Amino acid sequence: MPSTERWQLRIQGVVQGVGFRPFVYNLATRHHLAGFVSNNSDGVHIEIEGDHEKLETFRDDLQTQPPPLARIDSIVIQPIPATGDAAFRIHESAAQAGPSTPVSPDVATCPDCLRELFDSADRRYHYPFLNCTNCGPRFTIIRDIPYDRPFTTMANFAMCPECDAEYHDPANRRFHAQPNACPQCGPYVWLHPTDLKDEEALAAVRQSLADGRIVAIKGIGGFHLACDATNSAATGELRRRKGRGDKPFALMARDLDVIRQFTEVNHEEAALLTSRERPIVLLRRKNNPSLSALVAPGTALLGFMLPYSPLHHLLLAERPLVMTSGNLSDEPIARDNDEALSRLAPLADLFLLHNRDIHVVCDDSVIRIHEARELPIRRARGYAPLPVKLPWPVQTVLAVGAELKSTFCLTKGDYAYMSPHLGDMENFETLQALERSLAHFRAIFRCSPARVICDLHPGYLSTRWATKFADENRLPLMQVQHHHAHVAALMAEHGLDGSEPVIGVSFDGTGYGTDGAIWGGEILIADYASFRRAARLKYVPMPGGDAAIKRPYRMALAHLHAAGIPWDPDLPCISATPADELRVLKRQLETRFNCADTSSMGRLFDAVASLVGIRHLASYEAQAAIELEMVSQSQPADGYRFDLLEGGEGEVAIDPAPVLQSIVTDLRGQVSRPLISARFHTAVAGCIAEVCTRLRKQTGNKLVALTGGVFQNVLLLKFAKERLQQAGFSILTHRLVPPNDGGLALGQAMIGLKR
Ligand code: ZN
Ligand code: ZN
Ligand code: FE
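Numbering (our numbering), first residue to last: 811 to 1565.
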């Protein structure tokens, strides 16, 4: 006679809003077990009663077959006295003050829902808001936890009897699907400024897009601006209205076949495009003249995504659409109807609006595939707010990032919660988005920071905001060096406990150094607590400071000047510079008037791009460097070599002078740009391996972390990894957070926790 036992199970991870309770219910009833399951603020609680063997099977099934959107981080089991329960029940959720649990990101429409969307016999045929337990909005509609309808922006929609029956039936795939709705009881769309709604509004939008108009479309995490990507007049007009320069537009296509007409798509890229995260994936462009040249001028990559909400599925036809964030240049994406109607008024001809509120914005994510793995460029929808699991439990701190590609990080327990991409922290709107998003994170994760961490740069808006926030809340403020934070972010996403320092290769465009110079070509010996600057690119003066970012030819001139290479008019960067500016720059570089010293590797890439004539003026950050990567041969090519000098204070100074001299020689010898670029990338990779080998001799370190915005360049990443592997190093690269400043807050938090 088997004895009856009762177990209490506490499950942590992404276990709410993902169909976990019905899954447990079905499992328990299948095994004829009694007890209950409930959502609590800190996760899912189960009490389960039956004979021992059945309980063990139940536990194993729980661990091995969780619902698709669930992520179990831990299960704690405790035997308790049996109560003689006869049935298994699902309890209503109980809110608690202290604990918290990870929240699911927004999830793309699932195949079951898609079938209904296009089934004319279904009651949700062509309904733009259908969803189920396995798909639909989550993060962007949650106002508070536990994740239950009254705490979402669906609270105002009372379910009709049919929806209500689905919602309460554990066997239904809409059981406790919080955004559950239908045409009778749920949200609807309308087209502003017309009287059209529902199907008529959608038909009018399809027609307007085909006619070349620009439509603001309210989606899941904010507004998009859409136009026909094969129509150059429309695309050019959108570019002009948005003040966008040459920065590429993202595209949305109906299906993979359409994407394949315009780009190469390999196996991993196809899997990522069709994943439930549905990010924008950067893909190698094919020569297809039907795409407007104004979608992504001068770039070899196109960013494509597939429809991820029912609304998108209903709007997409054969032609791909430009689907760019609904904002002006680098402001955050517009969120509510009134805000969109005012902020986007100069940008859109028509507005497709709906009445399901977006509680917080969440932009589209951008990902590149590198060696069959994801390299995040922008982390937002589909990924945020999934936490990074930390190597040890920590107190709650707030880190606010830097300036560009702003995100913040809040830690709690052994999780680091990263905000979605907010925009560039250069304007009031982004600051407002930070405050709103922070308030949201503090509410849903139930935490209050005990200290605040920001960048060293005194001029950043984020530094000033953090100072004020720390003051007002009487919290300690800590300032963290930028490139150290990049290294710490990469260590943290790989779960390193920091007991061993790494060799951190931290290459980016701009970061404030401890000596007041602009750093960006740094090789650090670092753990979480501290760092030593072991090597850096040799300083060159940056004429006019940040103004040189949009003028790569100025960086080319500065580097030629520093290398002692004459400014001969046969060099593309010299012929591209107006004669009077040449005179001014020469004087400026000689006297160092209004020049900031920089060791930036990003700016060296800019300089080389201009020197070889690829780009002299950039309309967005890193444009020249990206184009230099794109033009390169894909195989390494020897020929150039950096000098390694003693830079004082034990630092190695990496001198690019011999590389620049070789490029000039190659230019005069009619060597092709693809080969020059490959040689340059190879030289940077070789230099990394050479410096790391020297440092290994000094310190014994064998682990190299490749981080910073420069490592969005997958060619450099590939070459550097090859060289380092040949030299016997282990290598860390980014997979969870971006190598650019979008990942910085994670590293800031880790450093702030260790100091
Ligand atoms: Zn679904
Ligand atoms: Zn309904
Ligand atoms: Fe950076």
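Note that CB positions come from ideal geometry on N, CA and C, so glycine has one too.
The structure presented is a predicted model; accordingly, all values stated were derived computationally and were not measured.
Should residue i be labelled buried (16 or more other beta-carbon atoms within 10 Å of its own) or exposed?
i, result
"residue 1376", "exposed"
"residue 1507", "exposed"
"residue 1249", "exposed"
"residue 1293", "buried"
"residue 842", "exposed"
"residue 1268", "exposed"
"residue 886", "exposed"
"residue 1398", "buried"
"residue 1459", "exposed"
"residue 988", "buried"
"residue 832", "buried"
"residue 1052", "buried"
"residue 1072", "buried"
"residue 1433", "buried"
"residue 1182", "exposed"
"residue 1551", "buried"
"residue 1137", "buried"
"residue 1380", "exposed"
"residue 1074", "exposed"
Please check the pair residue i and residue j, which I expect to be a contact at CB under 8 Å, by giving their CB distance rounded to whole angstroms.
i, j, result
"residue 1437", "residue 1108", "6 Å"
"residue 955", "residue 962", "That pair is no contact at about 10 Å."
"residue 1043", "residue 1025", "So it is not a contact: roughly 15 Å between Cβ atoms."
"residue 1318", "residue 1304", "About 19 Å; that fails the 8 Å criterion."
"residue 1173", "residue 1231", "5 Å"
Can you list, in chain order, the residues of its chain whose CB lies under 7 Å from that of residue i, leaving out five sequence neighbours each side?
i, result
"residue 997", "939, 967, 991, 1164, 1165, 1166"
"residue 1449", "1472, 1489"
"residue 1529", "1446, 1491, 1492, 1495"
"residue 773", "Residue numbering for the chain in the displayed model covers 811 to 1565; residue 773 lies beyond these limits and cannot be assessed."
"residue 1426", "1362, 1363, 1383, 1386, 1420"
"residue 1279", "1262"
"residue 814", "859, 860, 861, 892"
"residue 1311", "1335, 1336, 1337, 1511"
"residue 1559", "1207, 1209, 1219, 1221, 1226, 1263"
"residue 1276", "1210, 1262, 1264, 1287"
"residue 1060", "1090, 1113, 1115, 1133, 1134, 1174"
Closer than 8 Å by C-beta to residue i: which residues in its own chain qualify, once you throw out the five before and the five after it? Chain order, please.
i, result
"residue 1203", "1223, 1224"
"residue 1023", "1037, 1044, 1159, 1160"
"residue 1009", "936"
Can you grab the Cα-Cα spacing for the pair residue i / residue j, in whole Å?
i, j, result
"residue 880", "residue 927", "25 Å"
"residue 983", "residue 818", "26 Å"
"residue 1153", "residue 1160", "13 Å"
"residue 1190", "residue 1021", "32 Å"
"residue 1468", "residue 1414", "13 Å"
"residue 811", "residue 978", "Because residue 811 carries a pLDDT of 49, less than 50, the predicted location of this residue cannot be relied on, and the following value inherits that uncertainty. Their Cα atoms are separated by approximately 37 Å."
"residue 1402", "residue 1371", "12 Å"
"residue 1365", "residue 1417", "5 Å"
"residue 1115", "residue 1089", "6 Å"
"residue 1570", "residue 826", "Here the chain comprises residues numbered 811 to 1565, so residue 1570 is not present and cannot be evaluated."
"residue 889", "residue 1509", "50 Å"
"residue 1256", "residue 1032", "25 Å"
"residue 1309", "residue 1548", "24 Å"
"residue 816", "residue 856", "10 Å"
"residue 1321", "residue 1291", "8 Å"
"residue 920", "residue 1143", "25 Å"
"residue 868", "residue 839", "10 Å"
"residue 1395", "residue 1404", "10 Å"
"residue 1018", "residue 1345", "56 Å"
"residue 1564", "residue 1228", "18 Å"
"residue 1205", "residue 1561", "13 Å"
"residue 1070", "residue 1092", "13 Å"
"residue 873", "residue 1077", "29 Å"
"residue 824", "residue 1243", "25 Å"
Excluding the 5 residues preceding and the 5 following residue i in the sequence, name in chain order all residues of the same chain whose CB lies nearer than 6 Å to its CB.
i, result
"residue 1463", "1348, 1455, 1457"
"residue 945", "917, 919, 920, 923"
"residue 845", "857, 858, 859, 895, 898"
"residue 1531", "1541"
"residue 1266", "1289, 1291, 1322"
Check each residue's C-beta against every heavy atom of ligand 3 and list, in chain order, those closer than 6 Å. Those residues, listed in chain order, are 1292, 1296, 1318, 1321, 1518, 1519, 1551.
Under 5 Å from any heavy atom of ligand 2, by CB: list those residues in chain order, please. Selection output, chain order preserved: 970, 973, 992, 994, 995.
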